[in-house]
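One structure below.
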Amino acid sequence: EAITVQELAQRMAERGSDVIKALMRMGVMATITQSVDADTAELLVSEFGHRSRRVSESDVLIGMTGEEDAAETLVARPPVVTVMGHVDHGKTSLLDAIRKADVVSGEAGGITQHIGAYQVQLGSGQKITFIDTPGHAAFTEMRARGANVTDVVVLVVAANDGVMPQTVEAIAHAKAAGVPIIVAINKIDLPDANPQRVKTELLSHELVVEDMGGDVLAVEVSATKRTGLEKLEEAILLQAEVLDLRSNPARSAVGTVVEAKLDRGRGSVATVLVEKGTLKVGDIFVAGAEWGRVRALVNDRGQNVTEAGPAMPVEVVGLNGTPNAGDDLVVTEDEARAREIAEYRARKKREASSAIAARGSVEQMFSQIQAGEKKEMAVVIKGDVHGSVEAITGALTKLAADSTEVALRVLHSGVGAINESDVTLARASGGVLIGFNVRANAQARDLAKRDAVEIRYYSVIYDIIDDVRGVLSGLLAPQL
Ligand code: GDP
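Rendered as structure tokens:
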């Protein structure tokens, strides 16, 4: 006999929607009323940091064992920042400039290593961690895997170019993830720089900067002249303070893989950001469907370290396989447990890829809403001309506004072909893509196919409205 998702959630005192999401990450598609087998339940329970005791093959008992870190154990941790923005607006230059200006790496004279993330220390001793894969593709790819490592997004906008299509995409990605944005108005050194224009343009994307009466921090910088960098760092720390980022460093580590590769000399290597706890040499862990024992930890200056605390990027050597970016890393009590979880996940992954993944389809959204778990329909709308995109967005928003039970969330709308960014955005939020007189490009089609994200094409606005009305009313139909 099995246990329902609902009962599991209740026993763990977790939200049903969180349990469903965790199951999805494990490749199991279940609604709140469906049952999962004992193996799955046991694994899920450990995913949430609870301990389970299996009384018989068919039953899982959950004991609540110190899974939540007590308030007094929580210590402030550095913020983790991702830099996004339109191509050529200076993301890479800005990341380089910040890194070069870092006191500690200057002092240590260490050779900076590209490990996917780095940390800088300010004069005050405070630290900031930067993910150094700029752009929203990596960001949303990770989020689609359930990893939300970014605390703050720095949106780079070139002062001479203003808000461009990928700026708008980046805003949509950050907003969908609920991550606060700080605007870095870059290239301020150029004679045709016009920061005021940038601020005005941001208004139409609901980013109201401070000196226009809003609460979005904006800093004028020049990555090449290295001006304004300290102001930007201060703004990031200010935002971090508001977020009150804390975690318990004194426990076994839980973190996220931000980059992984197969290294010729060292085997599989993963760059990990620890979220809570401290990762130590010798620790045994699972990372996605792989496991390992920490043989060495290497920091962003190529130095060996013995441990890594919250938000400190380290390369982990000692993996038995290469995990994916966005996979979690969890230290386990022993090797048997690590192997067991890794094998289980590998099996589930194989099963999931042979079955038709339903992630992001209207049908799945339907079942989730019926299960009372999701009262929101998320869409990405792309069209051939601005006017029609606006008309569609307006009509659908109105449709949803008339419904008291289902909200429509427009993750992003814009002009042009459906691209990879749109697909990852829809996928990460379990949404649907709508193309009006536009198609998806080849990469987007491949990605959508791989991730089973639904793309619906239309050439008549009324058809869209009809379809969405159908979905909404279907969702609203009484459960039998
Ligand atoms: P990315 O595509 O957003 O990563 O942009 P890059 O960092 O590659 O920069 C694109 C171009 O803009 C490069 O030629 C940079 O040298 C230039 N650039 C970046 N930041 C600045 C700046 O602050 N001032 C000026 N004048 N040029 C910059």
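To get the UniProt record's numbering, take the position in the sequence shown, counting from 1, and add 322. All C-beta atoms, glycine included, are put in the ideal place defined by N, C-alpha and C.
| Asked | Found |
| --- | --- |
| Check the C-beta distance from Lys413 over to Val478 and give it rounded, since I have them as a contact under 8 Å. | 5 Å |
| Would you identify the three-state DSSP class for His458, choosing helix, strand or coil? | helix |
| Just to check, is the beta-carbon of Thr546 closer than 7 Å to a non-hydrogen atom of the ligand GDP? | yes |
| Among Glu552, Arg667, Asp511 and Ala324, which has the Cα closest to the Cα of Val608? | Arg667 |
| By a C-beta neighbour count over all protein chains shown, 10 Å radius and 16 as the cutoff for buried, is Gly385 buried or exposed? | With a pLDDT of 33 at Gly385, under the threshold of 50, the modelled position of this residue cannot be trusted, and the question is left open. |
| If you draw a straight line from the C-alpha of Lys547 to the C-alpha of Thr326, how long is it? | 59 Å |
| I need the straight-line Cα distance from Arg615 to Glu655, nearest angstrom please. | 11 Å |
| What beta strand (DSSP E) runs, 3 residues minimum, are completely inside the stretch 731 to 780? | 754 to 758 and 777 to 780 |
| If we ignore side chains and look at the alpha-carbon of each, how far apart do Gly407 and Thr578 end up? | 23 Å |
| What is the residue span of the beta strand (DSSP E) that Ala335 lies within? | First-last for Ala335: undefined, no H or E at that position. |
| Skipping 5 residues on each side, what residues in its chain have a beta carbon closer than 7 Å to that of Asn470? | Ala499 |
| With DSSP collapsed to three states, give me the class of Glu542. | strand |
| From Arg778 to Ser743, what does the alpha carbon distance come to, in whole angstroms? | 16 Å |
| Taking the alpha-carbon positions, what's the Thr715 to Val636 distance? | 44 Å |
| Taking a contact to mean a Cβ-Cβ separation below 8 Å, would you say Leu362 touches Pro401 in this structure? | The question names Leu, yet the displayed sequence has Thr at residue 362. The answer is no: Cβ separation not under 8 Å. |
| To the nearest angstrom, how far is the alpha carbon of Thr746 from that of Asp768? | 12 Å |
| Compute every distance between the C-beta of Val409 and the non-hydrogen atoms of the ligand GDP, then say whether any falls below 7 Å. | yes |
| Using the Cα positions of Ile511 and Arg421, report the straight-line distance between them to the nearest angstrom. | The sequence shown places Asp at residue 511, not Ile. Cα to Cα, the separation comes out at about 20 Å. |
| Within 10 Å of its beta-carbon, does Arg669 have 16 or more other beta-carbons around it, so buried, or fewer, so exposed? | exposed |
| Please identify the residue among Gly535, Thr395, Phe370 and Ala770 whose C-alpha is closest to the C-alpha of Val754. | Ala770 |
| So is the beta-carbon of Ser743 under 7 Å away from any non-hydrogen atom of the ligand GDP? | no |
| In chain order, what are the residue ranges of uninterrupted alpha helix (DSSP H) at least 4 long that sit wholly in the stretch 336 to 375? | 338 to 347 and 360 to 369 |
| Starting from Leu416, trace the alpha helix (DSSP H) both ways and give me its first and last residue. | Lys413 to Lys422 |
| Name the DSSP bridge partner or partners of Met464? | Met464 pairs with nothing; no bridge assigned. |
| Tell me the DSSP secondary structure of Met486 in three-state form. | coil |
| Tell me the DSSP secondary structure of Lys449 in three-state form. | strand |
| Going along the chain, which residues of its own chain have a beta-carbon closer than 7 Å to the beta-carbon of Ser357, five neighbours each way excluded? | Ala324, Ile325 and Thr326 |
| Throw me the rounded Cβ distance for the Leu559 and Ala592 pair, which I believe falls under 8 Å. | That belief does not hold up - the Cβ atoms of Leu559 and Ala592 are roughly 28 Å apart, past 8 Å. |
| Helix, strand or coil: which one does DSSP assign to Glu612? | strand |
| Flag this pair as yes or no: are the beta carbons of Leu416 and Asn508 separated by less than 8 Å? | yes |
| Kindly indicate the opening and closing residues of the alpha helix (DSSP H) around Ala562. | Leu551 to Leu565 |
| Return the CA-CA distance between Thr387 and Met334, expressed in angstroms with no decimal places. | Unreliable positioning characterises Thr387 in this predicted model, as indicated by a pLDDT of 30, which lies under 50. The coordinate reading is nonetheless provided below. Distance between the alpha carbons of Thr387 and Met334 is about 10 Å. |
| Ser544: which of Val505, Asp566, Ser574 and Thr719 sits nearest, CA to CA? | Val505 |
| Does DSSP classify Glu629 as helix, strand or coil? | strand |
| Could you tell me if the beta carbon of Met509 falls within a distance shorter than 7 Å of some heavy atom in the ligand GDP? | The identity of residue 509 in the sequence shown is Lys, whereas the question assumes Met. Correct: Lys509 has its Cβ closer than 7 Å to the ligand GDP. |
| Can the beta-carbon of Lys704 be found closer than 8 Å to that of Gly648? | no |
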